[in-house]
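Q: In our numbering, the protein residues as written are 1184 to 1355.
A virtual CB, placed ideally from N, CA and C, is assigned to each residue, including glycine.
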Amino acid sequence: MAEGANWYVIHTYSGYENKVKANLEKTIENRKLQDQIFEVAVPVHDVIEIKNGTRKQVQKKQFPGYVLVNMIMNDNTWYVVRNTRGVTGFVGPGSKPVPLSEEEIKPLISAGEQIMISFEVGDVVTVVSGVWEGTIGKVLTVNENKQTVTIKVDMFGRETPVDISFMDIKKL
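(1) What's the call for residue 1271, buried or exposed, on a 16-neighbour Cβ count within 10 Å?
(2) Spell out the partners DSSP gives residue 1224 in its beta bridges.
(3) Residue 1187 and residue 1255 - do their beta-carbons sit closer together than 7 Å?
(4) Excluding sequence positions up to five away, which residues of its chain have a Cβ less than 7 Å from the Cβ of residue 1234?
(5) Using only alpha-carbon positions, find the residue among 1237, 1314, 1304, 1339 that is nearest to residue 1326.
(6) From which residue to which residue does the alpha helix (DSSP H) around residue 1208 run?
(7) Buried or exposed for residue 1355, please, with buried defined as at least 16 other CB atoms from any protein chain shown within 10 angstroms of its CB.
(8) In or out: residue 1253 buried (at least 16 other Cβ within 10 Å) or exposed?
(9) Is the beta carbon of residue 1248 sitting closer than 7 Å to the one on residue 1195?
(10) Taking C-beta to C-beta, are residue 1191 and residue 1273 nearer than 7 Å?
(11) Judging by CA-CA distance, which residue of 1332, 1206, 1336 is the nearest neighbour of residue 1265?
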């Protein structure tokens, strides 16, 4: 990190994060402020969505409506960022931006992968592959770490809990 530079959070109109980033980067280039405003970031994380047994990786914004800026705070940089189209203000009390600490910024810049599933406890699902293919059951538990669900299946006239992979089930 550059001497005297800190990360600041700016609030934007929801859905305008990437546009604000592009506008701010263009302004930095035009006004030759590369030595004062170093980086503009829209924190995103990879999410694996599982719908109907299909696994798809997408990127989602970590904090919709917010953009991070690494800069040296002075009247000029404050003015440039604050008056960028789509920016509603800095995060902080009144008009005084509060910088993020090293501990706060590290997890934001190096976000991990998450898994989003389209079912929850109580949903009725059907098994689409594996030993239990064609079986219909009710979701008892969801284990995101193991990427499995426990469903109730009818076996020999008794309801029995069975663990099934996210990839092997589809919501009814």
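A: Result, derived from the coordinates:
(1) By the neighbour-count rule (16 or more Cβ atoms within 10 Å), residue 1271 is not buried but exposed.
(2) By DSSP's assignment, residue 1224 forms a beta bridge with 1251.
(3) Judged by their CB atoms, residue 1255 and residue 1187 are nearer to each other than the 7 Å cut-off.
(4) So the list reads 1301, once near-sequence residues are dropped.
(5) If we check each option's Cα against that of residue 1326, 1304 comes out closest.
(6) Element bounds for residue 1208: 1200 to 1213.
(7) With fewer than 16 other beta carbons inside 10 angstroms of its own, residue 1355 counts as exposed.
(8) Burial call: buried.
(9) Yes, they are a contact pair.
(10) A contact, by the Cβ cut-off of 7 Å.
(11) It is 1206.
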